[in-house]
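Listed in order, the protein sequences are those of chains A and B. Here the first sequence is numbered in the working numbering, starting from 1 and rising by one per residue. Here the second sequence is numbered in the working numbering, starting from 308 and rising by one per residue. Read through the structure below, which is laid out as structure tokens, and then see the notes.
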Amino acid sequence: MTTTTLTTAERDTGPLSAPDPRRRRSGAGRRGTPGSRVATIVLLLGAVYCLVPVVWVIIASSKSPRELFSTFSFAPGTAFLENLAALNAYGGGQFWQWCLNSVLYAGVGSVLSTIVSAMAGYALAKFRFRGRDTLFGILLAGVLVPGIVLAVPQYLLLAWAGLAGTYWSVLLPVIINPFGIFLCRVFATAAVPDETIEAARIDGASEARIFVSMVLPMMVQGLVTVFVLQFVGIWNNFLLPFIMLSDQDKYPLTLGLYTFLSKGSGDTDLYALVIIGSAVSVVPLILVFLWLQRYWRTDLLAGGLKG
Amino acid sequence: MSLTPTATAPRGPAAAPSATPTAHSRRRKRRSTRAPWFFLAPAMVFFIAFMVIPIVYAIYLSFRGQRVESGGAFGRRVETFIGFENYVAALTDAEFLAGLGRALTYGAIAVPSVLGLALLFSLLLDTPRARFTAFSRTAIFIPYAVPGVIASLLWGFLYLPSTSPISSIARSLGQDSLDFFSYPVLYFSLANIALWSGVGFNMIIIYTSLRAIPTEIYEAARIDGASELQIALRIKVPLVAPALVLTSLFSVIGTLQLYSEPATLRPMTSTISSTWVPLMKIYQDAFMNDNLGAAAAASVVLALGILGFSLAVLTFFNRRTFGGRS
Chain A
1 MTTTTLTTAE
11 RDTGPLSAPD
21 PRRRRSGAGR
31 RGTPGSRVAT
41 IVLLLGAVYC
51 LVPVVWVIIA
61 SSKSPRELFS
71 TFSFAPGTAF
81 LENLAALNAY
91 GGGQFWQWCL
101 NSVLYAGVGS
111 VLSTIVSAMA
121 GYALAKFRFR
131 GRDTLFGILL
141 AGVLVPGIVL
151 AVPQYLLLAW
161 AGLAGTYWSV
171 LLPVIINPFG
181 IFLCRVFATA
191 AVPDETIEAA
201 RIDGASEARI
211 FVSMVLPMMV
221 QGLVTVFVLQ
231 FVGIWNNFLL
241 PFIMLSDQDK
251 YPLTLGLYTF
261 LSKGSGDTDL
271 YALVIIGSAV
281 SVVPLILVFL
291 WLQRYWRTDL
301 LAGGLKG
Chain B
308 MSLTPTATAP
318 RGPAAAPSAT
328 PTAHSRRRKR
338 RSTRAPWFFL
348 APAMVFFIAF
358 MVIPIVYAIY
368 LSFRGQRVES
378 GGAFGRRVET
388 FIGFENYVAA
398 LTDAEFLAGL
408 GRALTYGAIA
418 VPSVLGLALL
428 FSLLLDTPRA
438 RFTAFSRTAI
448 FIPYAVPGVI
458 ASLLWGFLYL
468 PSTSPISSIA
478 RSLGQDSLDF
488 FSYPVLYFSL
498 ANIALWSGVG
508 FNMIIIYTSL
518 RAIPTEIYEA
528 ARIDGASELQ
538 IALRIKVPLV
548 APALVLTSLF
558 SVIGTLQLYS
568 EPATLRPMTS
578 TISSTWVPLM
588 KIYQDAFMND
598 NLGAAAAASV
608 VLALGILGFS
618 LAVLTFFNRR
628 TFGGRS
């Protein structure tokens, strides 16, 4: 069916399109303008610019320390498995511990953060109560507070509570996400009809039940967006774990790779280890990300900013 | 304020107490005044514990410092209230101010190039009959998934003379290795990392709001004889201005918090000192020099700076974007 439709469409546009077969399927059947060709080329250049470092690190990860400095940058090396083995052996498999920690921090942290944001956003969007607008304003001001400036006092307070250096010290501060609350409020306003909530209330459903079995499913697309944003945010976070943690076994990937390099200044053998570590951590992340991207509702994200 | 969404539509009669005051409706009313607080409670607990209290604590610390009491073999150091001394020290500290200057120089290069290129790419993606756009869009978005530290590592190796392909090409052409870590190139090297990491995300935000514009507007403009370039500049850019406000705001906040990129590149070059940007100085004061008061005062100064900067950006764009309308 699809094929037929396509052919018909092409035939319809046939008389208008240029004879050049490369252009036949372009646009609404009009010929590619010089402008559109420039657009294509500039975008492809942008794509190359963004892909080069990733391609480089994958190629470089196959090089032995000696090849790294002697062979041409984009020529593959011979030592991929050796590098992998060295990475695996480092600190008794510490690298994999870091990967696991990163998954834990980002996974648990963003799930909790999303739930907390969804509850708050729903309350701010769908209930009228005294002080609501003030509260929303205060939470929104939190978006402007640079998280990093909070890190030092957060460390001192957590140290006082005896939590500094533990997994909690990296997990707890990331649960509050003012921007996530803001987005959840926008999603709840847009996606949850008042009538549905009212009907459920009249049927005698509890508020908690309404939230869990009706509101959350209606907000799910928005929640995935908040989840992914926060996941990437925590995954990329460097200063918070850097300040909070001292035990290398609790490090996330970013901090682990950072210490690799700062130890290796002067020791060029460690460069190969840093490079394979970067490659091994970046490639799966990109794949997961490309998959998650399909569930993203950036239109909600952009739409939320218009109001 | 453009970030504030319009208030939700007034709720129906259910919000008001129902006409007949039965026990049922009284219970419902009580429940609906308590329910929002139940949903807000976790957010408020974490907001107070990890934002309000740290801010208050930082302000408190910024007015305290250590004085050495004379007497005994060791001068005893006592923590006490010292007024604005820490602020005076921070604002007259040449290194802190120089760091601020470096962060701003970096920002002056990075923010316009990230946003400019993001806007350009999103307009190009939206150009009729541009090709391979799905591939380009995805490829440009990919660096968003790469953490700042790893992005800095990757670019660091691409800058480092011994591993840089750019330098290796330059050498094979008989030139010297390029020095990406010397002034003023260093600012551009750092801004390039920000550009690489940030252009895709900002592009997607802007592109998504471009897609939300009804195409009838373009058709009308085309009939009136407008070129694609005119449509882009006169119609599309003004209409995506709200998205630009948000992206520029986040970019500005990010600039003054510059930390992980220079910290990661530091082992590769001696140009970047241990107090190169304000946050590195704050970290140094808090954890190496054990001078919490100075670190707190510098944090407060920085936070106020960021707040002022953000408000300036918002006001600027509000006037530009909405000034004509209201």
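The beta carbon of each residue, even a glycine, is placed where N, CA and C say it ideally should be.
- Buried is the label assigned to B:ASP433, since at least 16 other Cβ atoms lie within 10 Å of its Cβ.
- Taking a beta-carbon distance threshold of 8 Å, A:ASN236 counts as an interface residue toward chain B.
- With respect to the 8 Å criterion, B:LEU572 and B:GLY423 are not classified as neighbours on the basis of their beta carbons.
- Judged by their CB atoms, B:ALA452 and A:PHE289 are nearer to each other than the 8 Å cut-off.
- Chain-ordered, the chain A residues with CB closer than 7 Å to the CB of B:ILE360 read LEU157.
- Close to chain B, meaning a Cβ-Cβ distance shorter than 8 Å, are the following residues of the segment 164-190 of chain A: LEU172, PRO173, ILE175, ILE176, PRO178, ILE181, PHE182, ARG185, VAL186, THR189.
- Taking 8 Å as the cut-off between beta carbons, the residues of the segment 62-80 of chain A near chain B are LEU68, PHE69, PHE72, SER73, PHE74, in sequence order.
- Secondary structure at B:THR387: strand, using DSSP grouped into helix, strand and coil.
- Contact annotation, B:PRO574 with B:MET587: C-beta distance approximately 14 Å; criterion of less than 8 Å not satisfied.
- Nearest in C-alpha terms to A:GLY142, of all of B:ALA619, B:SER606, B:LEU614, is B:LEU614.
- Taking all protein chains shown into account, A:GLU207 has 16 or more neighbouring C-beta atoms within 10 Å of its C-beta and is therefore buried.
- For A:ARG209, the secondary structure class from DSSP, reduced to helix, strand or coil, is helix.
- Using a CB distance cut-off of 8 Å, A:SER262 counts as an interface residue toward chain B.
- For B:ALA425, the closest Cβ of chain A is not nearer than 8 Å.
- In the DSSP assignment, B:THR412 falls within the unbroken alpha helix (DSSP H) covering 401-432.
- Pairwise C-beta distances place the segment 555-562 of chain B in contact with the segment 599-619 of chain B, as three or more of them are shorter than 8 Å.
- Following the DSSP letters along the chain, one finds A:PHE227 inside the alpha helix (DSSP H) bounded by residues 216-236.
- By the Cβ rule, the segment 211-218 of chain A does not count as touching the segment 481-488 of chain B, because fewer than three pairs are nearer than 8 Å.
- Contact between A:SER278 and A:VAL57 holds: CB atoms are separated by about 5 Å, below the 8 Å threshold.
- When 9 Å is used as the limit between beta carbons, A:PRO53 is near these residues of chain B: PRO450, VAL453, ALA458, LEU461, TRP462, PHE464, LEU465, TRP503, in chain order.
- With at least 16 other beta carbons inside 10 angstroms of its own, A:SER169 counts as buried.
- One alpha carbon belongs to A:ASN83, the other to A:LEU270, and they sit about 10 Å apart.
- Of all C-beta pairs linking the segment 151-162 of chain A to the segment 86-101 of chain A, fewer than three are shorter than 8 Å, placing the two stretches out of contact.
- In this structure the segment 225-244 of chain A touches the segment 102-111 of chain A; the number of beta carbon pairs closer than 8 Å is three or more.
- The beta carbon of B:ILE447 sits closer than 8 Å to some beta carbon of chain A.
- Against chain A, the beta carbon of B:ALA342 has neighbours under 7 Å at PHE127, GLU207, listed in chain order.
- Interface residue (Cβ-Cβ distance to chain B less than 8 Å): A:PHE289 is classified as such.
- Chain order gives no chain A residues near B:ARG384, where near means a beta carbon separation below 9 Å; the closest approach is about 18 Å.
- For B:VAL375, DSSP records a beta bridge to B:ARG384.
- Below 8 Å, enough C-beta pairs join the segment 581-598 of chain B and the segment 398-405 of chain B to call them touching: three or more.
- Taking 8 Å as the cut-off, the Cβ atoms of B:ALA410 and B:PRO585 count as close.
- Contact with chain B is absent for A:LEU223, since none of that chain's Cβ atoms lies less than 8 Å from the residue's Cβ.
- In this structure, B:GLY414 keeps its C-beta atom at 8 Å or more from the C-beta atom of B:PRO450.
- Listed in chain order, the positions of the segment 472-487 of chain B with a beta carbon within less than 7 Å of a beta carbon of chain A are PRO472, SER475.
- A Cβ-Cβ separation of about 5 Å places A:SER61 in contact with A:ILE275 under the 8 Å criterion.
- Looking at the backbone, the Cα of B:ALA425 and that of B:ASN509 are separated by about 6 Å.
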